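Per the numbering used here, residue -19 is the first one in the sequence shown, and the count goes up by one each step. For every residue, glycine included, the Cβ atom is placed at its ideal position computed from N, Cα and C. None of these values were measured; they are calculated from a predicted model. This report refers to the structure that appears directly beneath it.
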Amino acid sequence: MEQKKFDLNSLVGFLLIGGILIWMLYLNKPTEEELQAEKARTEAAAKQNADAQQSAEDISLSDATNVTAQAVKPSDSLAFEQLKNKLGSFAYSGTLPSATDAITILENDVLYLEISNKGGYIAEALLKNFTKYDSVPVYLIKDGNASLNLQFSAENRTLNTEDLFFEPTLSKNGEDQVLSMKLKTSDNGFIEYRYTLHPGEYMLEFSINSQGLDGIINTSQPMYLDWNLKGYRHAKSISYENRYSRLTYEYDGEKHSKLSPTGKDDELEKDVTWMNFRQHFFSSMLLTDTPFKEVKLTSVDLVKDEEIDTVFTKQYGAKMLLEPKNGALAQNMNMYIGPSDYQIFKKYDRNLDEAMPLGWGIFGVINKYIIIPVFGFLTDFLPAGIAIIVLTILIKLLLSPVQYKQYLAQAKMKVLKPEMDEIKAKYKDNKLKIQQETMKLQNSAGASPLKGCLPALLQIPVFYALFTFFPSAFDLRQKSFLWADDLSSYDTIAELPFHIPFYGDHVSLFPILASIAIFVYMMMTMGQNMQQQQQPGMPNMKFLMYLSPLFMLVFFNNYASGLSLYYFISNLITIGIMLVIKNFIIDEEKIHAKIQVKKATPKKQNKFQRKMAEMMEQAEQQKKGK
C-alpha cells in the first residue's frame, strides 16, 4: 500500500482559494439599505401569514368587520365565507366600497358633524361658536366618547350596528343637507339611518327605517337602540359644572324627572319621549315622535376627586326598546347637539325647557315668565355684568313695598320695646303670663313679629328663583365684568398653594363683598333687637347673623361670580332702601303716637285671637290650681 505524505503545495492552494472566497464575499456584502429592506419584507410576510391564519381559524365578529374594510368580494377568499357565517345576509355590506372607516361631513354655520361608515353614527360633533374655559373648541363628541348601537336578531344571530359598515349617500333638499346611511343585505334590502341638518340649527332630524328585510330580521326578538355618552369637561370649576351636569327626561305624557347628579343612578321608565345628556351649558338630546315603550336610563359620576384635573364628568346611557311594525322599522326622531339655552329650547315647543334646572313650581314660573325675558331684553343692549346690576335694581324696586312693610313692622316692635320690657320685669317669674300680656300689647297696638316675617317670606320665591337662574343662564357664559373673566364661573383674585375643604384653592372677591354686605344688613335688621331676651325655642339671632355671611363666604367661593355679584348689589340696595325708609319715610315718634291711639281704641279680636287668649287663660288657671 502506498504511504500518504503531507502535501505542502495542496495546503497553500486551499488557503489561497479560501482567501479569495472571503475577499469576494467581502466585496459583495449587502449595503445597510439592502439589509433594512430585506428585514421589512420578512416582517411584512410574517404579518400577512399571521393575519391569514387568524382570518381562517378564529374570526370573531369584530375581526370579520375588519376584513370588510378591504371591501371583500364574494369570490375572493375564505375570509368572505367566514364573514357570511358570522353576519349572514348582512355580509353583503362587506362587499361594498363603503366598507371602510371613512367619514361623511354634515355642516352648517353653527355645527360640524362627522358621521362614520362604521356604525353609521356621529364620530365627531363640534360647536363652532363656542370654546372651553381654556379656549379649546367645544366638542360634545370626539375620540370615541359616544356611541349609538342598534342591536337586533337576524337569521339566528345577534348583530350590533356599531360593528358593521353603512353605505353613505349625501344629498341636498333645498338648503337642507340629507345623509342616508344604509346597512345593506342587498340592493333593495337595508337598515337606514337618515340625518337631515337644517341651516343655523342645532336640531337634526334623525330616523331609523328598514326595507326588504322580511324573513331576515327576527322581529319576535327584542330590538334595542343603545345610546351612550361620556360628557367632556368644559368649565373652569369641575365641581360647579359637575353639579349641574345631569340626565333629565320626559315620560308618560308630559312628566319630567332626572337621575341623581352624584354617584351611580339608574331608572327603568315607560313611554319616554325625550332624554337629555346635559353637560351644564351644553346638551346632547334624543327626541322621538313615537314614545319609546321602555328605556333603561343610567348615569355615573366620573369625578372621583375634584382636586384632580379630569377629562370627563358623567357617563350617560339610554337603552331604548324599539317596536317594529309589520316587520319593518320606522322610528322618526330628532337629535339636539348644542347649548343648554332656554331661548333655543323654548322655540321647539316640546317642553325642552324642563331639561334646565330653573326650579319647580312658583320658582320656575318666576324664572320663565319674568326673570329670563327681562334679563334677555337687558343683555340685548347691555354687557352681562351691567345687565345683572340693572336686573337687581328692578327687582329691588319691585319688592320695595314689601320691604317697607317689613321695616314698618320692625319699627313698631322697636317702639313697643320699653313697654315689653316692663311686662318682662313685672311678670319675670311667670313666662306664660309674659307671653299673654305681650300678645295683648302687640294686638292692641297693631304690631306683631309675624307682620315682619310675612313680607320676608313673600320675597323668598324671588330669591330662590334667582338662585336657580344664574347657574343656568347661558347668556353669562364667558362674559367678563371687572376682574371676573367669566360670570358663569368663579372669579379669582388670588391662587392658593393648597386646597381648603369646601372653599377651594383660590380666593374669589365677589363672595367676600357679598358676605360683608349681608353682615351689615343683618346688623341693621337684627342688631336693634339683640338685647331683647330670647323666647324659649327661638333661634339664636346673633348666631344667625354670623352664620349667613360665613356661609356666603365659604360655599359661594366656587359658585358663578354672576350670582355673587347679584347678592352683593342686592344687599347694597337693600341697605340703601332701609336707610331711606328709616331716615326720610318712617318717623318713630309718629308711629308711637299712632300706637297709643290704637291701643286706646277697643279692638275686636278675631276667632283665632280669641281661641289663643282662651287657651292661655286656661293654662294660667291650671298653673294657679297646681
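What is the rounded straight-line gap between the Cα of residue i and the Cα of residue j?
i: residue 452; j: residue 446; result: 10 Å
i: residue 379; j: residue 554; result: 10 Å
i: residue 372; j: residue 470; result: 19 Å
i: residue 163; j: residue 157; result: 20 Å
i: residue 138; j: residue 149; result: 26 Å
i: residue 341; j: residue 439; result: 15 Å
i: residue 132; j: residue 278; result: 21 Å
i: residue 398; j: residue 220; result: 50 Å
i: residue 183; j: residue 249; result: 24 Å
i: residue 72; j: residue 169; result: 10 Å
i: residue 381; j: residue 258; result: 40 Å
i: residue 186; j: residue 128; result: 12 Å
i: residue 147; j: residue 100; result: 8 Å
i: residue 365; j: residue 113; result: 18 Å
i: residue 95; j: residue 124; result: 12 Å
i: residue 352; j: residue 80; result: 48 Å
i: residue 283; j: residue 294; result: 7 Å
i: residue 543; j: residue 466; result: 12 Å
i: residue 121; j: residue 210; result: 9 Å
i: residue 238; j: residue 290; result: 24 Å
i: residue 406; j: residue 393; result: 19 Å
i: residue 610; j: residue 84; result: Residue 610 cannot be examined here, being either before or after the span of the chain that is shown, -19 to 606.
Leaving out five residues on either side along the sequence, give the residues of the same chain with a beta carbon under 6 Å from the beta carbon of residue i.
i: residue 38; result: Annotation note: pLDDT 40 at residue 38 (below 50); position unreliable, no value reported.
i: residue 545; result: 368, 490
i: residue 244; result: 280
i: residue 256; result: 228, 263, 265, 335
i: residue 155; result: 179
Can you tell me which of the options puts its alpha carbon nearest to the alpha carbon of residue i?
i: residue 387; options: 153, 132, 556; result: 556
i: residue 172; options: 180, 159, 541, 358; result: 159
i: residue 241; options: 224, 230, 235; result: 224
i: residue 315; options: 211, 532, 268; result: 268
i: residue 77; options: 90, 216, 98, 86; result: 98
i: residue 166; options: 68, 95, 226; result: 68
i: residue 309; options: 234, 368, 130; result: 130
i: residue 206; options: 226, 304, 299; result: 299
i: residue 201; options: 487, 307, 550, 402; result: 307
i: residue 199; options: 393, 140, 134; result: 134
i: residue 181; options: 272, 327, 296; result: 327
i: residue 531; options: 437, 261, 360, 499; result: 499
i: residue 177; options: 86, 212, 209; result: 86
i: residue 536; options: 494, 283, 125; result: 494
By the 10 Å Cβ neighbour count, where 16 or more other Cβ atoms means buried, how is residue i classified, buried or exposed?
i: residue 66; result: buried
i: residue 254; result: buried
i: residue 275; result: buried
i: residue 623; result: Residue 623 lies beyond the stretch modelled for the chain, which goes from -19 to 606, so this question has no answer here.
i: residue 151; result: exposed
i: residue 105; result: buried
i: residue 266; result: buried
i: residue 517; result: With a pLDDT of 46 at residue 517, under the threshold of 50, the modelled position of that residue is not reliable, and no figure is offered here.
i: residue 296; result: buried
i: residue 108; result: exposed
i: residue 479; result: exposed
i: residue 667; result: As displayed, the chain neither begins before -19 nor continues past 606, which places residue 667 out of reach and without an answer.
i: residue 33; result: Because the pLDDT at residue 33 is just 46, under 50, the model does not fix this residue reliably, and the value given afterwards should be weighed accordingly. Its Cβ having fewer than 16 others within 10 Å, residue 33 is exposed.
i: residue 335; result: buried
i: residue 319; result: buried
By Cβ distance, which residues of its chain are closer than 8 Å to residue i, with the 5 residues on each side in sequence left out?
i: residue 552; result: 497
i: residue 232; result: 249, 250, 251
i: residue 356; result: 323, 455
I need the boundaries of the alpha helix (DSSP H) containing residue i, first residue and last residue.
i: residue 541; result: 541 to 560
i: residue 131; result: It is not in any alpha helix (DSSP H) - residue 131 instead sits in the beta strand (DSSP E) that spans 126 to 134.
i: residue 487; result: Counting along the chain, residue 487 falls outside any alpha helix (DSSP H), though it belongs to the beta strand (DSSP E) covering 484 to 487.
i: residue 223; result: 218 to 223
In the DSSP assignment, the beta strand (DSSP E) including residue i goes from what residue to what residue?
i: residue 93; result: 91 to 96
i: residue 275; result: 262 to 281
i: residue 118; result: 117 to 121
i: residue 158; result: 156 to 164
i: residue 344; result: Where residue 344 is concerned, there is no enclosing beta strand (DSSP E), although the alpha helix (DSSP H) it sits in stretches over 342 to 346.
i: residue 148; result: 147 to 153
i: residue 76; result: Careful: residue 76 lies outside any beta strand (DSSP E) and carries neither H nor E.
Within its chain, find whatever has a CB closer than 7 Å to the CB of residue i; leave out the 5 residues flanking it on each side and keep chain order.
i: residue 442; result: 346, 375, 379
i: residue 538; result: 217, 219, 220, 470, 484
i: residue 448; result: 337, 338, 339, 343, 347
i: residue 321; result: 454
i: residue 384; result: 561
i: residue 140; result: 129, 131
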